[in-house]
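Top to bottom, those sequences are chains A and B.
Residue numbers for the first sequence follow my numbering, beginning at 21 and rising by one.
Residue numbers for the second sequence follow my numbering, beginning at 21 and rising by one.
Using N, Cα and C, we set each Cβ at its ideal position, and we do this for glycine too.
Just so it is clear, the structure is predicted and the values come from calculations on it, not from any experiment.
There are 2 protein chains.
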Amino acid sequence: MAAAVVLLSGGLDSYTAAAMLKADGYELHALSIRYGQRHARELESAARVAAALGVKQRLELQVDLARVGGSALTADIEVPKDRGIDGSIPVTYVPARNTVFLSLALAWAEALGAFDIGIGANALDYSGYPDCRPEYLEAFERLANLATRAGVEGARFRIHAPLLHLSKAQIIARGLALGLDYGLTHSCYDPLPDGRPCGRCDSCVLRAKGFAEAGAKDPVLP
Amino acid sequence: MAAAVVLLSGGLDSYTAAAMLKADGYELHALSIRYGQRHARELESAARVAAALGVKQRLELQVDLARVGGSALTADIEVPKDRGIDGSIPVTYVPARNTVFLSLALAWAEALGAFDIGIGANALDYSGYPDCRPEYLEAFERLANLATRAGVEGARFRIHAPLLHLSKAQIIARGLALGLDYGLTHSCYDPLPDGRPCGRCDSCVLRAKGFAEAGAKDPVLP
């Protein structure tokens with residue numbers, strides 16, 4: 021069984037992407053990053069999701085992107101609520117985040133002897149982040165094969181982004197068909213003090229739209 | 021004055037590369053990474069070098085690549101001595117290290133509003149690491165412009181690797197001409213318990229060859 025490193029945030033998308041790789045026969049090695057995100061409670065969900073997926077192993081790495089700043093997810097900048105998702109790049113964009121995450125996934129994959137990397141990037145019902153677009157992921161895959169010993173020696177790294185062209189409703193429908201328990205996940209960027217989702221950030225709005233369009237009930241909501 | 025983020029390890033190459041960017045008129049923002057390297061004493065040199073360069077600011081980020089493993093620089097694998105440098109990739113290669121480092125430099129650059137990134141990569145007198153080659157650095161530059169808000173909005177990130185095609189002797193000659201004090205630097209991968217360089221790892225061997233060919237005395241040696 022081929023091993024794959026999957027980036028697992030604890031949210032709905034990465035859970036579904038990982039489950040799709042598992043369904044394709046990959047042995048999962050889950051990587052989560054504690055990067056100074058204000059919604060670090062997503063990492064508790066990542067641990068639950070990893071257990072539900074029966075991953076081979078889980079690694080949590082820490083890199084403090086809050087010291088780099090420049091984002092509402094890591095710095096003292098307000099998370100926009102009800103902003104209307106219009107294709108512009110919001111302040112919740114974290115500079116170079118997916119590049120940092122994919123680099124760490126690549127490092128771990130190479131050390132494990134794995135050549136497949138999974139990410140829950142989506143370029144349809146998303147916040148307009150540049151590092152979720154197909155051309156970005158293709159460029160990273162090309163880089164991975166130039167960056168590594170394995171690439172030089174003839175291996176081919178593959179970046180798997182099975183959600184890339186799906187709507188949020190389609191993602192949820194796939195996950196439900198695979199028997200996923202979305203009650204384990206956390207999506208909100210700016211949870212209330214008691215941990216409940218705010219319901220108004222991009223991530224909550226896109227999730228609610230997805231469940232509505234999929235005709236399903238979100239199990240994290242009352 | 022344009023700002024540049026420079027990766028500063030505390031070694032001879034990154035010091036020289038940063039000094040060349042400074043001579044070209046850039047304001048330096050120095051980034052050092054504590055990644056679990058067995059020669060973490062290089063970070064003390066990085067602080068001294070940054071002060072000598074008069075950098076605008078210095079940031080040290082931590083990311084524990086030792087948990088990823090796969091390298092003699094981070095795992096319990098012996099650092100080769102007197103191996104003969106033959107173009108093969110040695111066990112001191114750290115999986116995806118420059119990709120992780122450049123990603124963090126990109127994150128900080130974007131947060132600062134800087135578009136220039138300096139790295140001391142060298143593809144002539146080097147250990148054969150894949151992520152020091154020109155084609156790798158070109159691929160990263162391309163990625164940087166796809167990965168970021170700044171890139172999408174029309175900015176152009178530039179990866180500066182001014183040492184790429186220089187011999188170690190030429191690097192040292194440039195640095196001495198710029199008045200650099202190489203006594204501040206640390207290059208050895210596997211220092212002796214008292215901190216002195218081992219004299220036999222790739223990094224020591226390449227450094228000694230460079231000073232010899234440049235007709236100069238290495239100030240860190242007795």
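Residues of chain B with a Cβ closer than 7 Å to the Cβ of A:G89 are, in chain order, A131. Beta-carbon to beta-carbon, A:G56 and A:T94 are separated by about 5 Å, close enough to satisfy the 8 Å threshold. In this structure, the straight-line span from the alpha carbon of B:T36 to that of B:D151 is close to 19 Å. Listed along chain B are L166, each with a C-beta nearer than 7 Å to that of A:E155.
Apart from the 5 residues on each side of it in sequence, A:H206 sits with its Cβ closer than 8 Å to the Cβ of G30, G31, H59, R61, E62, E64, S65, P217, V240 in its chain, given in chain order. Distance between B:Q190 and A:R178, taken at the CA atoms: about 39 Å. Chain-order list of chain B residues neighbouring A:V172: I109, P150, by C-beta distance under 8 Å.
For B:D201, no Cβ of chain A is located within less than 8 Å of the residue's own Cβ. Excluding the 5 residues flanking it on each side, A:A86 has same chain C-beta neighbours closer than 7 Å at G56, T94, A95, in chain order.
Distance between B:R169 and A:Y146, taken at the CA atoms: about 15 Å. DSSP lists no bridge partner for B:R216.
Counting only runs of 4 or more residues that sit fully inside the stretch 102-173 of chain A, the alpha helix (DSSP H) segments are 117-132, 154-167, 169-172, in chain order.
Within its own chain, the residues whose Cβ lies closer than 8 Å to the Cβ of B:I97, once the five positions on either side in sequence are excluded, are S91, V111, listed in chain order.
Legend: CB atoms of the stretch 70-89 of chain A lying less than 8 Å from CB atoms of chain B belong to residues L79, L81, Q82, V83, D84, L85, R87, V88, G89. Judged by DSSP secondary structure, B:E80 falls within the beta strand (DSSP E) whose first and last residues are 77-82. Remark: C-beta atoms of A:L27 and A:L51 approach each other more closely than 8 Å. Annotated as distal: B:I139 and B:L166, with beta-carbon spacing of 8 Å or more.
Close partners of A:L126 in chain B (Cβ separation under 8 Å): P115, A116, T119. The Cβ-Cβ distance between B:G230 and B:A39 does not fall below 8 Å. Here A:H180 is buried. Its C-beta has 16 or more other C-beta atoms within 10 Å. Within the DSSP secondary-structure output, B:E98 pairs in no beta bridge.
Within the same chain, G45, Y46, E47 come within 8 Å of A:M21 by CB-CB distance, once the 5 residues on both sides are set aside. Here A:L51 carries a strand assignment [DSSP, helix/strand/coil]. Assigned with DSSP and collapsed to three states, B:V69 falls in helix. Taking a C-beta distance under 8 Å as the contact criterion, A:V99 and A:Y209 qualify as a contact pair. Chain A places no beta carbon closer than 8 Å to that of B:S207, leaving this residue out of the contacts. Taking C-beta atoms as the reference points, B:A129 and B:F135 count as a pair closer than 8 Å.
Close to B:R169, with beta-carbon spacing below 8 Å, are these residues of chain A in chain order: I109, Y113, P115, P150. Taking B:G89 as reference, the option from A:D33, A:A234, A:L124 with the minimal CA-CA separation is A:L124. Neighbours of A:S123 in chain B, taken as residues at a C-beta separation under 7 Å, are given in chain order as A116, T119, V120, S123.
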